[in-house]
Every structure is written in C-alpha cells, then in structure tokens.
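In the numbering used here, the protein residues as written are 44 to 288. Taking it in order: structure first as structure tokens, then the write-up.
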Ligand code: 16G
C-alpha cells in the first residue's frame, strides 16, 4: 500500500497551505486514491508525514468534515465518508438507514408543532378540512454531516402529541401502532434555493434529490406525507429491477 503522502499527491501551488491540503485530500477522495471507509492517520502522524503543521492538518480536515467528505467518529478517528447507498424499494427510516451504515443519525429541529390541515395537505393526506395534524421539520445529520432536510406532516390520529417524536419519527409512529407499512414515493433532481442550501451547509443552487413520500397504514389510511431534500453529493439511491413484474 502506498503511503498517504503518495496517495494525496503534491501540495504545491497557490493559496494557503491548509487549502492546498484540503484540495489534495478532496482530489484523493474523488479519484478513489482514498477509498470509502479508509481511516486517516491521527493528526500528529499526518502532519509529520506531510511535513506540515498540525494546525494546517486540522483546518484542512475540519473543512472536509463540514463538506461531508470526511466523518469524525468519536474515539475511533476520522474516516472517508463514502456515499450512502439507499435501497429504493425498502420502507426504512433515515435513522435505520444511517445506523445500518455505521453512521450516527441526529436531527436538528426547525419545527415541531400541532396545527390544522391546509387545503393542499387535506388532499394528500385524505383528511377533512380543519382536521388536526402534526408538523415536523428537521435537518437530518449523519454524524456531523447534514444529509437531508425533511418536512413531515402526520394526521392527528397518528400520534399522542408532537412531543412523542424524539430522534425518530418512525419509532414514535411504531410505538403508537401507526408505522407505515407501504409508501408511494416520487423523486426528482432539483437545485436547492438559498435558504435550503444554507440549512444544509451548501452553496445556493447545489444539486439535491427532492423526494415526496406518502406512507400508508394497512387499512389504507395515509399516515405520513413527507417532503425531503437529500443532498445530491452524498446519496445514491439503489433499486433492484426485475424483468418479470
Ligand atoms: C426517511 C423517509 C421519510 C421518513 C423518515 C423517517 C426517505 C426519502 N424519506 O427519511 O419519509 O419520514 O425517513 O425517519 O427515505 P426517522 O424515523 O429517522 O425520523
């Protein structure tokens, strides 16, 4: 195996050294010279091997962690994040998807409230005008990297209160006996507007996957309407296709 310095390549060029190191590390990740799940050596070793200061290493690594290309795992070190692969045909939750990949799911609340259904939602959710709903707006993180923005609306019968949802919406719905068993999903490529890009730590216009999910209970009632913006540079959706329908 070649040394890390060889895999990263030259740090020569213009601009501050930490920036050049960050660009070189990013190139190494993009060209797979550093593969998904590869661990970076500790800061001190990396600094010695590349003949730069620890502060330079830290600044370069901090930038790539913020971009989601590297992931810090507590007590274990810093790793190349790799893209998350999501099975498209499986009805799983964000928390389950991230945990299955050894990442730690986390959310930042933008809104957790009860209200009444809007005319548009009443069609999506199949509810009468004025029916109670809960609204959950969250930034979803894998470790320290923002991965998605999610706006969910749940009919009032689905949960005891808005506070019933802590880390995972699907855990709360399951505890209430209302986890969806089937869902319809529609997805398209979009560019993030300024506000959404900012919430995900990206530049305005950055690519994203916009996904609408409608989740159903066994009896056919709609239990979830969620709009998600998954960052385009971090997620691969994978589907198994069958010739016999
Ligand atoms: C996923 C679902 C979303 C669901 C959420 C629950 C997609 C595109 N969307 O992000 O509809 O509400 O998981 O996650 O997969 P939670 O149980 O971790 O809150």
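Backbone N, C-alpha and C fix where the C-beta goes; we use that ideal spot for every residue, glycine too. From a predicted model like this one, the values you see are computed outputs, not experimental measurements.
Classification of residue i by the beta-carbon crowding that lies within 10 angstroms, buried from 16 upward
i           : result
residue 284 : exposed
residue 172 : exposed
residue 150 : buried
residue 3   : Outside the displayed span of the chain (44 to 288) sits residue 3, for which this structure offers no information.
residue 129 : buried
residue 87  : exposed
residue 276 : exposed
residue 224 : exposed
residue 46  : exposed
residue 99  : buried
residue 121 : buried
residue 59  : exposed
residue 97  : exposed
residue 261 : exposed
Distance cut-off 6 Å: residue i Cβ against heavy atoms of the ligand 16G
i           : result
residue 126 : no
residue 213 : yes
residue 137 : yes
residue 256 : yes
residue 188 : no
residue 269 : yes
residue 195 : yes
Distance CB(residue i)-CB(residue j) smaller than 7 Å
i           : j           : result
residue 268 : residue 167 : yes
residue 136 : residue 211 : yes
residue 249 : residue 233 : no
residue 50  : residue 76  : yes
residue 257 : residue 227 : yes
residue 229 : residue 255 : yes
residue 286 : residue 132 : no
residue 78  : residue 67  : no
residue 65  : residue 109 : no
residue 201 : residue 266 : yes
residue 179 : residue 208 : yes
residue 146 : residue 185 : yes
residue 279 : residue 70  : no
residue 231 : residue 213 : no
residue 162 : residue 176 : no
residue 205 : residue 157 : yes
residue 188 : residue 111 : yes
residue 243 : residue 274 : yes
residue 174 : residue 183 : no
residue 247 : residue 263 : no
Below-7 Å beta-carbon distance, residue i vs any chain D residue
i           : result
residue 137 : Absence of chain D from the displayed structure is noted, only one protein chain being present.
Would you mind listing the alpha helix (DSSP H) stretches within the segment 71-155 that are 4+ residues and don't spill past its ends, in chain order? The DSSP assignment places 86-93, 97-109, 137-143 as complete runs of the alpha helix (DSSP H) inside the segment 71-155, in order along the chain (cut-off: 4 residues).
Please give me, in chain order, every unbroken run of the beta strand (DSSP E) with length at least 3 that falls completely inside the segment 196-284. Taking only runs of at least 3 residues, the beta strand (DSSP E) segments lying wholly in the segment 196-284 are 225-234, 250-259, 265-274, 278-281.
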